[in-house]
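Numbering (the numbering used here), first residue to last: 1 to 89.
Cβ atoms here follow ideal geometry from the backbone N, Cα and C, with glycine treated the same way.
Some notes on the structure that comes next.
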């Protein structure tokens, strides 16, 4: 790979990482919205639930987009088996 191509790829990676970090900050801010609301917000449920499982080997196995949306936004998906996808595998 040429030097200019490597530089271009590195620049693209930096821009992608910055955009992803901003998107993640926006998701966290959105989860905090109505934190003390009653009934409890789904963003808060998933934020608090992750604090209980973060040190365990966990997997999100629901394929219901409405139920897993916050988990997929707030939880770090670092292993291939941690989310099976919408089709269940």
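Other residues of its chain near residue i: CB distance less than 8 Å, five sequence neighbours each side excluded
i          : result
residue 15 : none
residue 68 : 60, 62, 83
Beta-carbon contacts of residue i that lie in its chain and below 7 Å, excluding the five residues immediately before and after
i          : result
residue 61 : 84
residue 81 : 59
Best match in the options for proximity to residue i [C-alpha to C-alpha]
i          : options    : result
residue 76 : 46, 35, 67 : 46
residue 79 : 56, 12, 66 : 56
Proximity of residue i and residue j at Cβ, strictly below 7 Å
i          : j          : result
residue 31 : residue 43 : yes
Assigned secondary structure, residue i (DSSP; H/G/I helix, E/B strand, else coil)
i          : result
residue 60 : strand
residue 75 : coil
residue 35 : coil
Tell me, please, whether the segment 26 to 41 touches the segment 51 to 59 by the rule of three or more beta-carbon pairs shorter than 8 Å.
-> Contact fails: fewer than three Cβ-Cβ distances are below 8 Å.
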